[in-house]
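Take a look at the structure set out below.
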């Protein structure tokens, strides 16, 4: 009983107002907790996989009548869903060619069942078919399914909105047409949006983009995410399979921001990419949009606080600008605001424009952000007296190592922007001190790099492609990292490592690497993803390691630093640079 109660509370505590109980008849006690705690429920009739023959129709009708009869008095239920994705409604018309069709006579039977359900329960909405094949017949909800990468949502929603109007045949089959029923998404996410699905990934980045776009398209009257928690073939739940937590990292980007902000009735969205490339010193136009899905008394005027912060390429954090903008509040309204004009920092790096909407008392109602990769030449930092220091910055690529040896595996990602070594082992780099540097005048040398632990996931193992069984039915998917697109999201279970640094054989220190994380904080790895419908360790990121190199470690004759980054076999947690 406590577990079922917590299932409902797990939805409410991240700001959801409903669940769809998918193709199963729910346990009455769980529906009781939905009633008691206040969570809306869309209740599905279980589907069949076979032909829609007389036996199937009889069996299905028994389930539908029993479901409505038994659960009629649960106030949490607001809708009955009769079929899902046309499963069990296709008839084989050519066995050799494996051709199957949703025939007109089956469509008529589904329409009859819709009317029967309305007769059995006139008080609730009824959906003929939770549609992924654009094949509604008659329904109270014009629903559709879409599994997409974040970057594809705008174009899809533009089309869905433009195609939704009284009399349109879009999303309906045969001669059936839309009426004035509301249009909603009834399954969405990125789990099936990438080629071959995703496995376990940082779902939060694509989700953030999707939430912004849903709010920018107010004709979409609702949305439903797949999944509430990980299941055997869909690993991008809000929670893990055992209901432990996953972490988005949003609070480290905008203080106070949580997943609830993406579900808020009061919302400020930015139009355009969630991360975009800009130039140092450039003034960037940031379009803003408000979505108020409430009639709460919030006062006539709200206040949008903006703050531009970021990290330069040397990892130094800075606050660049801030401001306050008045926002007129109207219940149940959707409006474009005057765009912000934001001057980018004069140093290359990563900038975050934080947005916090407050009421007159200063209470935060909503948080959001947009990010910028600021491109340009790295200026020299200023000395205390205002003059530029005589500082030389030498950079080298992670993939430029001259030697490496790893007990499990070594491989590179994204053209060498990231390099991985699993198990114990090392990367070794040869770094030449510039000829214009007078070593007798060098005061200090600092070495900096970004690193994390590196777990050998199922997708990177030698037997990665030997999955047994049907993926939809759980074959091989006990491993949440087996899918080629996967990179498990940060959760409660850490995978630590430790890296030691030696320069020309002299140890400069050892650093504990807490985890092999992937979440919203991996902005740069998301920004670097090619838009080819695949994922390449998206969302992964590391920790800033900074060490002082003893001057005695430098050989004046060779002017070369041999830098060795090593993971000892006593803690074989791997290393990603």
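In our numbering, the protein residues as written are 4 to 580. Positions of the beta carbon are idealized from the N, C-alpha and C atoms, including for glycine. What you are looking at is a predicted structure, and each value in this text was computed from that prediction instead of being measured.
Report back the beta-carbon spacing between residue i and residue j to the nearest angstrom; my notes put them in contact at under 8 Å.
{"i": "residue 47", "j": "residue 27", "result": "7 Å"}
{"i": "residue 122", "j": "residue 176", "result": "Between residue 176 and residue 122 the Cβ distance is about 23 Å, and since that is not below 8 Å, they are no contact."}
{"i": "residue 485", "j": "residue 457", "result": "Rounded, the Cβ-Cβ distance is 17 Å, inconsistent with contact."}
{"i": "residue 431", "j": "residue 567", "result": "5 Å"}
{"i": "residue 82", "j": "residue 128", "result": "4 Å"}
{"i": "residue 488", "j": "residue 201", "result": "5 Å"}
{"i": "residue 223", "j": "residue 187", "result": "7 Å"}
{"i": "residue 131", "j": "residue 86", "result": "7 Å"}
{"i": "residue 546", "j": "residue 455", "result": "6 Å"}
Once the 5 residues before and after residue i are set aside, which same chain residues still bring their CB inside 7 Å of it?
{"i": "residue 294", "result": "218, 221, 270, 272 and 337"}
{"i": "residue 206", "result": "192, 193, 239 and 492"}
{"i": "residue 396", "result": "381"}
{"i": "residue 390", "result": "For residue 390, the predicted model reports a pLDDT of 47, less than 50, meaning its position is unreliable and no value from the coordinates is stated."}
{"i": "residue 531", "result": "417 and 420"}
{"i": "residue 105", "result": "89, 92, 93, 138 and 176"}
{"i": "residue 522", "result": "205, 207, 250, 251, 252, 492, 493 and 542"}
{"i": "residue 433", "result": "405, 563 and 565"}
{"i": "residue 54", "result": "94 and 95"}
{"i": "residue 537", "result": "197, 198 and 488"}
{"i": "residue 169", "result": "181, 182 and 183"}
By DSSP, does residue i sit in helix, in strand, or in coil?
{"i": "residue 134", "result": "coil"}
{"i": "residue 390", "result": "The predicted model places residue 390 with a pLDDT of 47, which falls under 50 and marks its position as unreliable; any figure quoted below should be read in that light. Coil, per DSSP."}
{"i": "residue 154", "result": "helix"}
{"i": "residue 43", "result": "strand"}
{"i": "residue 448", "result": "strand"}
{"i": "residue 413", "result": "strand"}
{"i": "residue 567", "result": "strand"}
{"i": "residue 266", "result": "helix"}
{"i": "residue 8", "result": "helix"}
{"i": "residue 260", "result": "coil"}
{"i": "residue 577", "result": "coil"}
{"i": "residue 35", "result": "helix"}
{"i": "residue 539", "result": "coil"}
{"i": "residue 218", "result": "helix"}
{"i": "residue 128", "result": "strand"}
{"i": "residue 63", "result": "helix"}
{"i": "residue 186", "result": "strand"}
{"i": "residue 532", "result": "coil"}
{"i": "residue 244", "result": "coil"}
{"i": "residue 109", "result": "helix"}
{"i": "residue 23", "result": "strand"}
{"i": "residue 295", "result": "strand"}
{"i": "residue 122", "result": "helix"}
{"i": "residue 29", "result": "coil"}
Could you name the residues that DSSP lists as bridge partners for residue i?
{"i": "residue 51", "result": "DSSP output for residue 51 lists no bridge partner at all."}
{"i": "residue 344", "result": "288"}
{"i": "residue 421", "result": "416"}
{"i": "residue 505", "result": "510 and 567"}
{"i": "residue 103", "result": "95"}
{"i": "residue 516", "result": "500"}
{"i": "residue 546", "result": "454"}
{"i": "residue 352", "result": "315 and 377"}
{"i": "residue 428", "result": "409 and 570"}
{"i": "residue 357", "result": "310 and 372"}
{"i": "residue 330", "result": "305"}
{"i": "residue 435", "result": "563"}
{"i": "residue 551", "result": "449"}
Tell me which residues share the same chain as residue i and place their Cβ nearer than 8 Å to its Cβ, disregarding the 5 neighbours each side in the sequence.
{"i": "residue 267", "result": "18, 368 and 369"}
{"i": "residue 282", "result": "347, 377, 378 and 379"}
{"i": "residue 449", "result": "549, 550, 551 and 552"}
Any beta carbon of chain B sitting closer than 9 Å to that of residue i?
{"i": "residue 110", "result": "No chain B is part of this structure, which consists of one protein chain only."}
Excluding the 5 residues flanking residue i on each side, which residues of the same chain have their C-beta closer than 6 Å to its C-beta?
{"i": "residue 501", "result": "513, 515 and 574"}
{"i": "residue 66", "result": "48 and 49"}
{"i": "residue 114", "result": "140 and 141"}
{"i": "residue 374", "result": "278, 355 and 526"}
For the region 311 to 320 against the region 282 to 291, are there 3 or more C-beta pairs whose distance is under 8 Å?
no
Would you check if the region 337 to 350 and the region 248 to 262 touch, i.e. whether three or more CB-CB distances between them fall below 8 Å?
no
With a cut-off of 8 Å, do at least 3 Cβ pairs link the region 30 to 41 to the region 91 to 100?
no
The region 318 to 333 in contact with the region 275 to 290 per 3-pair CB rule at 8 Å
no
Touch check for the region 405 to 412 and the region 302 to 310: three-plus C-beta pairs under 8 Å?
no
Please determine if the region 147 to 158 and the region 177 to 191 are in contact, where contact requires at least 3 C-beta pairs separated by less than 8 Å.
yes
Count the CB pairs spanning the region 505 to 523 and the region 548 to 563 that are closer than 8 Å, and state whether there are at least three.
As far as the Cβ criterion goes, the region 505 to 523 touches the region 548 to 563, which means the pair count is three or higher.
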